[in-house]
Amino acid sequence: MPHSSGGGSHGGGSHSGGGGHHSSSSHRSGGGSSSGSSVDFSNTRLSRRPYRNCATYCYYKNNRPVYVYSSHDAKGRSVKASDIAYKIVLFIMLAPAFLTFSWGMWFVGITKTEKIHYKDNQKIIIEDHAGVIDQSEKKELRRALKDFYDETGIIPAVVTLNNEEWQDRNDGKVKFTDVAYDEYVRRFKDEYHWLIVYSEPEDPDPEFNDWYWEGMQGDYTDPVLTVKKTDSFTEDLHKNFLDKKIGVGKAITMSFKKFTPVVMKSEIRWGVLVMSLLSSAGFVWFTIYVFDIHPIRKAILKKSFKCNKGKPVEETCDFCGGVYLIGYHLSCPYCGATIKAHSYTTDSEGRVQQVIS
């Protein structure tokens, strides 16, 4: 069914078509992580801040100890063959869905406009029942409509009426959108036309011409006449109608001449593209999660050593000023100098529990 592409009136402004279908009762219109951050990958949580039941690791950077906290003894972890098989199967099952959705959204987001091909009833009509388009304007208008048809394959049409022909219908409660709809279905049995209907009084007031206009497009024109495109046409044509220096025929001609060169340009739907990018990011995260790909974490754990369960005790080297942990070195880890001797207790794994002296 045909539906409005937008329209307006002298007293009510313009409105969008919104792409809705017409009905008799309604009309739709329109480094590392910063301090305090943590990342959860696979079975290992690595954080810059301690948390419950975490293991403390330390490495040295810029002559200072740097502490990281892991959810378990990550350095001693072994990977089971069953875990690897499970991850591979999970990836094979879900990866196609991620990729299909992501790439599908990308192609939908960039829409290439294709010319419409319809061989029946290609006649372009201009019916000036209101007598508001003179002969010179009509020639220019027909040429502009023909250029639009050649570019898009959509058959344009223009009909003008007088308000007295329709304002008394349905006890004066008729909407001009309904009038335009009736004009379309009375003339065209297809969905490939774009009809512009204009109406004004038989004897318009020079101070305020109570005109109305409406665009009515067939369903099969939607791939070309999108809401975004018809909204721009509606805004431009309404502006031309408001200019008293521009006649009706010239106003429509000007808008079609401006619209035709840009109507077939591809549309970018930014919301859909953002969804595609988010989906791609989700796929990357999914891959990292399944295969435990986190080189920064692994690099940190590789150069670190596990500390005691209590708070590590630091000491400063008398020679280079670097800070190291007591109980883990026989010499300064920075300059190699001899370090102070201390007495301390250790656990069963030899890690320092308490420094006595």
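If you read the sequence shown in the working numbering, its first letter stands for residue 0, the second for the next number, and so on.
Glycine is no exception: its CB is placed at the ideal position from the N, C-alpha and C atoms.
For the alpha helix (DSSP H) containing residue i, name the first residue and the last one.
| i | result |
| --- | --- |
| A250 | V247 to F258 |
| T229 | V226 to L241 |
Measuring straight from C-alpha to C-alpha, what distance separates residue i and residue j?
| i | j | result |
| --- | --- | --- |
| S33 | S46 | Bear in mind that the predicted position of S33 carries a pLDDT of just 33, short of 50, making it unreliable; the figure below should be weighed with that in mind. So the two alpha carbons sit approximately 10 Å from each other. |
| H14 | G7 | 6 Å |
| T176 | S254 | 20 Å |
| E313 | G321 | 10 Å |
| H341 | Y323 | 13 Å |
| V261 | S278 | 31 Å |
| Y333 | R48 | 25 Å |
| C331 | C316 | 7 Å |
| G326 | V283 | 42 Å |
| H237 | G12 | 8 Å |
| R186 | W193 | 12 Å |
| E139 | K174 | 30 Å |
| P203 | E213 | 19 Å |
| R27 | M0 | Residue placement at R27 is flagged as unreliable, the pLDDT there being 35, under the threshold of 50; the coordinate-derived value follows with that caveat. In a straight line, the C-alpha of R27 is about 13 Å away from that of M0. |
| K172 | V178 | 11 Å |
| H2 | G217 | 7 Å |
| D119 | G281 | 48 Å |
| V273 | T99 | 16 Å |
| Y211 | S231 | 18 Å |
| F318 | N52 | 37 Å |
| Y66 | K301 | 13 Å |
| T362 | Y50 | The displayed coordinates of the chain run from 0 to 356. Any statement about residue 362 would go beyond what the structure contains. |
| G246 | V131 | 8 Å |
| F240 | D133 | 16 Å |
| T220 | Y117 | 11 Å |
| K114 | V88 | 45 Å |
| D181 | E126 | 15 Å |
| K228 | A156 | 18 Å |
| K60 | H328 | 16 Å |
| S303 | K310 | 16 Å |
| S37 | A54 | Unreliable placement is indicated for S37, whose pLDDT of 35 sits below 50; the coordinate value is still reported in the next sentence. For S37 and A54, the distance between alpha carbons rounds to 14 Å. |
| N307 | N62 | 20 Å |
For residue i and residue j, which I take to be in contact (beta-carbon distance under 8 Å), what is that distance rounded to the nearest angstrom?
| i | j | result |
| --- | --- | --- |
| I338 | Y58 | That belief does not hold up - the Cβ atoms of I338 and Y58 are roughly 18 Å apart, past 8 Å. |
| S4 | M263 | Not confirmed; about 16 Å, so no contact. |
| K249 | D235 | 13 Å between Cβ atoms; not a contact. |
| I123 | R141 | 7 Å |
| A129 | E199 | 6 Å |
| K305 | Y56 | 6 Å |
| T358 | V184 | Coverage of the chain is limited to positions 0 through 356, which leaves residue 358 absent and any answer about it impossible. |
| V196 | L144 | Not confirmed; about 14 Å, so no contact. |
| T252 | E136 | 7 Å |
| V226 | G16 | 6 Å |
| T259 | D146 | 5 Å |
| G10 | D242 | Between D242 and G10 the Cβ distance is about 16 Å, and since that is not below 8 Å, they are no contact. |
| Q121 | I154 | 6 Å |
Quickly, what does DSSP pair residue i with across the bridge? List them, please.
| i | result |
| --- | --- |
| C331 | Paired residue(s): none; C331 is not in a bridge. |
| H192 | I154 |
| K305 | Y56 |
| M274 | DSSP output for M274 lists no bridge partner at all. |
| V67 | Y56 |
| N161 | E199 |
| T337 | S330 |
| E139 | Paired residues: none, contrary to the question. |
| E126 | V158 |
What first and last residue would you give for the beta strand (DSSP E) that runs through residue i?
| i | result |
| --- | --- |
| Q121 | First-last for Q121: undefined, no H or E at that position. |
| H2 | H2 to S8 |
| G12 | G12 to S15 |
| Y343 | Y343 to T345 |
| Y323 | V322 to L324 |
| T315 | E313 to T315 |
For residue i, is the beta carbon positioned less than 7 Å from some heavy atom of the ligand ATP?
| i | result |
| --- | --- |
| K118 | The ligand content of the structure shown is nil, which means the ligand ATP is not present either. |
Cβ of residue i less than 8 Å from any chain D Cβ?
| i | result |
| --- | --- |
| N62 | This model lacks chain D altogether, as it is built from one protein chain only. |
Threshold first: 4 residues or longer. Then list the alpha helix (DSSP H) segments lying entirely within the segment 165 to 215, N to C. 175 to 186
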